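Peer 1: Below: one structure in structure tokens.
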Amino acid sequence: MGHDLALTLPEIILSVAALALLMVAAYAGDKAARLSTWLAVAALFVAALVLPGVTAPGGIGFDGLYSADSFAAFSKILIYAAAAVAMIAAMGWFSCDGVYKTEYPVLILLSSVGMGMMASAGDLLTLYVGLELQSLAAYVLASFQRKDTRSAEAGLKYFVLGALASGILLYGVSLLYGFTGSTLFSGVAAGLANGVSTGELFGIVFVLAGIAFKVSAVPFHMWTPDVYEGAPTPVAAFFASAPKVAAMALLVRVCVEAMGPATDAWRQIIIFMALASTILGGVAAIGQPNIKRLLAYSSINNVGFALIGLAAATREGVASVLFYMTVYVAMTLGSFLVVLRMRDAEGRPVETIASLAGLSRSRPALAAAMALFMFSIAGIPPLLGFWPKFAVFNAAVEANLTWLAAISIATSVISAFYYLKIVKTMYFDDPAPAYEPGRGRVEAALIALAAIFVSPLGYFAIPWLDTATRNAASALF
Amino acid sequence: MNALGFPILSLLLAIPMVAAIACLFVSANAARWLALGATLVTLAIGILLWLSYDIGGDQWQFVEYAPVFGRFAWALGIDGIALMLIMLTLFLMPICIAASWDSIRTRVPEYMAAFLLMETLMLGVFVAQDIFLFYLFFEAGLIPMYLIIGIWGGAERIYASYKFFLYTLLGSVLMLIAMLWMVNVAGTTSVPELMAYDFDPQAQTWLWLAFFASFAVKLPMWPVHTWLPDAHVQAPTAGSVILAGVLLKLGGYGFIRFSLPMFPEASAQLFWLVMGLSLVAIVYTSLVALVQQDMKKLIAYSSVAHMAFVTIGIFAFNRQGLEGALIVMLSHGLVSGALFLCVGVIYDRLHTREIDRYGGLSNNMPGYALLFMVFTMASVGLPGTSGFVGEFLALVGAYEANSWVAFVATTGIILGATYMLYLYWRIAYGTSRNADAAAMPDLSRREWALLAPIAAVVLWMGVYPESFLAPMRSDVGLLLERVERAKPAGDAAVTRGAAPAAAAHAEPAAGAH
Numbered sequence: 001m002g003h004d005l006a007l008t009l010p011e012i013i014l015s016v017a018a019l020a021l022l023m024v025a026a027y028a029g030d031k032a033a034r035l036s037t038w039l040a041v042a043a044l045f046v047a048a049l050v051l052p053g054v055t056a057p058g059g060i061g062f063d064g065l066y067s068a069d070s071f072a073a074f075s076k077i078l079i080y081a082a083a084a085v086a087m088i089a090a091m092g093w094f095s096c097d098g099v100y101k102t103e104y105p106v107l108i109l110l111s112s113v114g115m116g117m118m119a120s121a122g123d124l125l126t127l128y129v130g131l132e133l134q135s136l137a138a139y140v141l142a143s144f145q146r147k148d149t150r151s152a153e154a155g156l157k158y159f160v161l162g163a164l165a166s167g168i169l170l171y172g173v174s175l176l177y178g179f180t181g182s183t184l185f186s187g188v189a190a191g192l193a194n195g196v197s198t199g200e201l202f203g204i205v206f207v208l209a210g211i212a213f214k215v216s217a218v219p220f221h222m223w224t225p226d227v228y229e230g231a232p233t234p235v236a237a238f239f240a241s242a243p244k245v246a247a248m249a250l251l252v253r254v255c256v257e258a259m260g261p262a263t264d265a266w267r268q269i270i271i272f273m274a275l276a277s278t279i280l281g282g283v284a285a286i287g288q289p290n291i292k293r294l295l296a297y298s299s300i301n302n303v304g305f306a307l308i309g310l311a312a313a314t315r316e317g318v319a320s321v322l323f324y325m326t327v328y329v330a331m332t333l334g335s336f337l338v339v340l341r342m343r344d345a346e347g348r349p350v351e352t353i354a355s356l357a358g359l360s361r362s363r364p365a366l367a368a369a370m371a372l373f374m375f376s377i378a379g380i381p382p383l384l385g386f387w388p389k390f391a392v393f394n395a396a397v398e399a400n401l402t403w404l405a406a407i408s409i410a411t412s413v414i415s416a417f418y419y420l421k422i423v424k425t426m427y428f429d430d431p432a433p434a435y436e437p438g439r440g441r442v443e444a445a446l447i448a449l450a451a452i453f454v455s456p457l458g459y460f461a462i463p464w465l466d467t468a469t470r471n472a473a474s475a476l477f
Numbered sequence: 478m479n480a481l482g483f484p485i486l487s488l489l490l491a492i493p494m495v496a497a498i499a500c501l502f503v504s505a506n507a508a509r510w511l512a513l514g515a516t517l518v519t520l521a522i523g524i525l526l527w528l529s530y531d532i533g534g535d536q537w538q539f540v541e542y543a544p545v546f547g548r549f550a551w552a553l554g555i556d557g558i559a560l561m562l563i564m565l566t567l568f569l570m571p572i573c574i575a576a577s578w579d580s581i582r583t584r585v586p587e588y589m590a591a592f593l594l595m596e597t598l599m600l601g602v603f604v605a606q607d608i609f610l611f612y613l614f615f616e617a618g619l620i621p622m623y624l625i626i627g628i629w630g631g632a633e634r635i636y637a638s639y640k641f642f643l644y645t646l647l648g649s650v651l652m653l654i655a656m657l658w659m660v661n662v663a664g665t666t667s668v669p670e671l672m673a674y675d676f677d678p679q680a681q682t683w684l685w686l687a688f689f690a691s692f693a694v695k696l697p698m699w700p701v702h703t704w705l706p707d708a709h710v711q712a713p714t715a716g717s718v719i720l721a722g723v724l725l726k727l728g729g730y731g732f733i734r735f736s737l738p739m740f741p742e743a744s745a746q747l748f749w750l751v752m753g754l755s756l757v758a759i760v761y762t763s764l765v766a767l768v769q770q771d772m773k774k775l776i777a778y779s780s781v782a783h784m785a786f787v788t789i790g791i792f793a794f795n796r797q798g799l800e801g802a803l804i805v806m807l808s809h810g811l812v813s814g815a816l817f818l819c820v821g822v823i824y825d826r827l828h829t830r831e832i833d834r835y836g837g838l839s840n841n842m843p844g845y846a847l848l849f850m851v852f853t854m855a856s857v858g859l860p861g862t863s864g865f866v867g868e869f870l871a872l873v874g875a876y877e878a879n880s881w882v883a884f885v886a887t888t889g890i891i892l893g894a895t896y897m898l899y900l901y902w903r904i905a906y907g908t909s910r911n912a913d914a915a916a917m918p919d920l921s922r923r924e925w926a927l928l929a930p931i932a933a934v935v936l937w938m939g940v941y942p943e944s945f946l947a948p949m950r951s952d953v954g955l956l957l958e959r960v961e962r963a964k965p966a967g968d969a970a971v972t973r974g975a976a977p978a979a980a981a982h983a984e985p986a987a988g989a990h
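Chains as they are written, first to last, in the numbering used here: chain U, 1 to 477; chain Z, 478 to 990.
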């Protein structure tokens, strides 16, 4: 028992920190918001330090319910880092409007605990509990600006559709349990080993549908643009980064560990979702006038590419998914940090793409950073965003899915169009009214850091990231 | 390392890169001087590179290797073919910078930075010895060119920049998948090793087509050439020079470096496809060029026709064809670049590219008319200019491969003469149609300094092409050895005769004829 608890030390630290900060919120009120944000960041940092599975080998806890392997460790580091950045970004953004509440870091911490459980789940029920903890915190975060009707609408929409997805997922779990006789991933895999029955197939489909909602893969993506647009921008930045990583890690783990013997069954579903996401994520974004909606479609598009690595269903493929999510998080958070700085002369947030016009003349550094992020998400070499695409296509080719790689790389040209549109607006168009001068040195430093990471200098990180992702992926094979 | 004791190729890539970043932080005038200085220094290093290149030595020289990126390496090295294309790039760059001296007035630091970045990326394509490093450089060139067209271009610049970017991107992405497949099968990312690897002939067809999609768009070949007239017309003068001078050559270089040696069987199998498209290009785009009213568009269409000689020469599978194709590439790089500069000279004065607005320029601009005449003749292929050497060799090679190809391609020479002379007549001869055109001053000293060196090299290449052929001869020989097994039989059945001229030529590799 002591060993089991030691494995969950990061979750314990985060839970205790969340509860303690909740007390701070209750007694000190919003005055302590900044302090508790930094404390929450510190808690995430400490949790990352004590993660099992990074240097020392981790292990399986609670008789298989919870696995603290290198795969979980890699995902969690990414999740914690993204959550920390989302918190820091929120602090500056909400402070401008004077409504930053102390509950915000608490909710992010609770959500992080849930995401950690998702990445570590070894059982369908651990999976569900983790997912719900993450989601419940997220519903509240989406409607965090209580006085803004768009925010409330986003929260409600997210909740209703999320509840539906949870129901679908639970139904799939019950089917898998009923037909294989176990909720443990290893037990499900054993049940699937001698052929997939119709009932099990239905279970697989429903479970995948439920998780696809969380990664916002087409055709379960409808909520994404609405929620991103309505939610406060830092919350949208959070939604686009950490929970995506967690849900993707969960999806990979369920597919490989629980459904490994039924690869042929789920591969078709994943391939369909991947291609549908890359195509729809490319086409639907073209007409968007709102930058947050555009980034929402961009995240759908990117999830599609990451799923191609999963479709390979090999160690190389899983490693490429992790690689993809790492670079994706850097690019997405970078772009959102730029969006957070979009405020007109009176300090009101602006979200239209048209307002970016001529940014290269009024704010050359900010425009250059955004252009780097856009070219990078489009996957144009020599920016680092090209490399994760390279990795997933390479995994697909190695798994004899050359046709899939060929089709999906052709769809990447569609999405290149709207990323180019942002660059065109910033560099070719006549200047629109300038934004207010940027405040917040921490955010500026984070933007610079992300820009350097996605610049060609990031290529020097490839050998290191390759080793780390392959090491993490070996935990599943 | 290499004979020089320092990594000269990395240095060549680093200087423009560093200068590009530095340009962003200085004033407009400082950026101009910095860019000119950086390009001249790289040109000087390039001359050193040429002088220390050992003709007839190792196939790959100045090799550098650093496995810093995990799955691929910083592997550089050049052969004679790459050397000549590098020299072309280095030679044109200072001219481009100087050509933009007065005509670019807005956002000068960014403009110079984009050009220097472009130089690094183009050089990178020629020196890369790792297939993925090649792809990185090849694709990355889209970004600065997109910005150059989009920011400093003409009225329709945004449409042209999108078309350029997306067209070439769509062309190249399938090549990446083909590369992944090849590396997966062959187990190496090194270009020299892949050039020696024998792929399964059936797979070769698919791989060849994937590479063809990319290089045919870049070259460009009919019918995927439509991005070129738009991009040329909208780009600023120096942008057109780089586009015509070097970027189009990346396609030809790709055919020589990848398609031919890596997929010899597929190249022979799809001989008809390349020849068919090239012949259509020669006849059709020449006719289109004939009816253009816009000078830049006319030269852009003539580029498509000239590049078709390159593809005919490359896929002729013989020495004359290949050497001819290479000389056409070098010659076209110089001549079309110079022609775009000539257009730029009068555009800067009258701000129109309409041919009808000009006329009788030889009266008030005799110096300009002289140089324009030299480049027109070089484009037509008059003996004594570089154009003649390249097109003649390419046609000899084409005749050996297929006499009908040679027959149709030769009409391109006549058509080429028609549209170019017609252009020259309308602009330089007759009486001036407009008073403002008649009042234009002759070339300034800066413009002389831009055009005279190109004219000198064009004549040099026309009179003594051996200087340019010598470094490439052994590499062409190796390439021919490689594709010998798949060579399609020609219908002309050329037999070797007693050729006294051959004896007069001191040819070290004469046995490979």
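Note that CB positions come from ideal geometry on N, CA and C, so glycine has one too. Since the structure is predicted, the reported quantities are computational estimates derived from the model, not experimental observations.
#1: What is the DSSP secondary structure of Asp-771/Z, reduced to helix, strand or coil?
#2: Applying a beta-carbon distance threshold of less than 8 Å, which residues of chain U neighbour Tyr-639/Z?
#3: At a CB-CB cut-off below 8 Å, which residues of chain U make contact with Asn-661/Z?
#4: Could you check what DSSP says for Leu-476/U in three-state terms: helix, strand or coil?
#5: If Gly-652/Z and Ala-687/Z are in contact, beta carbons under 8 Å, what's the gap, nearest whole angstrom?
#6: Between Gly-858/Z and chain U, is the shortest Cβ-Cβ distance under 8 Å, so that the two count as touching?
#7: Are there three or more Cβ pairs, one per stretch, closer than 8 Å when the stretch 402–415 of chain U is compared with the stretch 279–293 of chain U?
#8: Does the beta carbon of Arg-582/Z sit closer than 8 Å to a beta carbon anywhere in chain C?
#9: Mind listing, in chain order, the continuous alpha helix (DSSP H) runs of no fewer than 4 residues lying wholly within the stretch 534–585 of chain Z?
#10: Here's a check: name, in chain order, each residue in its chain whose Cβ is nearer than 6 Å to the Cβ of Ala-743/Z, leaving out the five neighbours to either side.
#11: Over the uninterrupted alpha helix (DSSP H) stretch that includes Ala-68/U, give me the two end residues.
#12: Would a check of beta-carbon distances place Ile-654/Z closer than 8 Å to chain U?
#13: Determine, using beta-carbon pairs with one atom in the stretch 193–211 of chain U and one in the stretch 157–174 of chain U, whether at least three such pairs fall under 8 Å.
#14: Tell me where the alpha helix (DSSP H) around Gly-858/Z begins and ends.
#15: Interface residues of chain U around Trp-658/Z at Cβ under 7 Å?
#16: Say whether the stretch 559–575 of chain Z touches the stretch 505–522 of chain Z, bearing in mind that this needs 3 or more beta-carbon pairs closer than 8 Å, one atom from each stretch.
#17: Please specify which runs of the alpha helix (DSSP H), each continuous and at least 4 residues long, are wholly inside the stretch 840–883 of chain Z, giving them in chain order.
#18: Please identify the residue among Val-41/U, Val-24/U, Ala-137/U, Val-454/U whose C-alpha is closest to the C-alpha of Thr-326/U.
#19: For Tyr-588/Z versus Ser-580/Z, is the C-beta distance shorter than 8 Å?
#20: Could you say which of Lys-76/U, Thr-469/U, Ser-241/U, Lys-101/U lies nearest to Val-113/U if we only look at CA atoms?
#21: So with CB distances below 7 Å, who are the chain U contacts of Gly-547/Z?
#22: Out of Phe-62/U, Thr-37/U, Val-24/U, which has the shortest C-alpha to C-alpha gap to Gly-2/U?
#23: Might you give, ordered along the chain, the residues of its own chain that have their beta carbon closer than 8 Å to the beta carbon of Met-374/U, omitting 5 neighbours on each side?
#24: Taking a contact to mean a Cβ-Cβ separation below 8 Å, would you say Ala-399/U touches Ala-475/U in this structure?
#25: Along the chain, where does the beta strand (DSSP E) that runs through Gly-59/U open and close?
#26: Could you give the distance in angstroms between the alpha-carbon of Ala-262/U and the alpha-carbon of Leu-19/U?
#27: Note down the Cα distance separating Ala-473/U from Asp-707/Z, rounded to an integer number of angstroms.
#28: Applying the 10 Å Cβ sphere with the 16-neighbour rule, what's the burial state of Ser-299/U?
#29: According to DSSP, what are the bridge partners of Ala-121/U?
#30: Could you tell me how far apart the beta carbons of Ser-780/Z and Gly-867/Z are, in whole angstroms, since I believe they sit closer than 8 Å?
#31: How about Ala-917/Z and Arg-826/Z: are their beta carbons less than 8 Å apart?
#32: For Phe-642/Z, which residues in chain U fall below 8 Å Cβ to Cβ?
#33: Among all the DSSP beta bridges, which residues are the ones paired with Thr-352/U?
#34: Find the residues of chain U that neighbour Val-650/Z, judging by a C-beta separation of less than 7 Å, and give them in chain order.
#35: For Val-960/Z and Ala-507/Z, I'd like the C-alpha separation in whole angstroms.
#36: How big is the Cα-Cα spacing for Gly-478/U and Ile-447/U?
Peer 2: In short, the structure shows the following:
#1: strand
#2: Phe-417, Leu-420, Lys-424
#3: Asn-394, Val-397, Glu-398
#4: coil
#5: It is worth fixing the name first, because residue 652/Z is Met in this sequence and not Gly. Indeed, because the Cβ distance is near 5 Å, the residues count as touching under 8 Å.
#6: no
#7: yes
#8: The structure shown contains no chain C; its protein chains are U and Z.
#9: 557–576
#10: Gln-681, Thr-682, Trp-685
#11: Element bounds for Ala-68/U: not the alpha helix (DSSP H) but the beta strand (DSSP E), 66–68.
#12: yes
#13: yes
#14: That residue, Gly-858/Z, is in no alpha helix (DSSP H); it is neither H nor E in DSSP.
#15: Val-397, Thr-402
#16: yes
#17: 843–857, 863–878
#18: Val-454/U
#19: no
#20: Lys-76/U
#21: Ile-462, Pro-463, Asp-466
#22: Phe-62/U
#23: Ser-335, Tyr-419, Leu-420, Ile-422, Val-423
#24: no
#25: 59–61
#26: 41 Å
#27: 48 Å
#28: buried
#29: Tyr-66/U
#30: Wrong, their Cβ atoms sit about 14 Å apart, outside the cutoff.
#31: Note on identity: in this sequence residue 917/Z is Met, with Ala being the wrong assignment. Going by C-beta atoms, Met-917/Z is nearer than 8 Å to Arg-826/Z.
#32: Ala-416, Leu-420
#33: Asn-290/U
#34: Ile-409, Ala-410, Ser-412, Val-413
#35: 51 Å
#36: In the structure displayed, chain U extends from 1 to 477; residue 478/U sits before or after that span and is not available.
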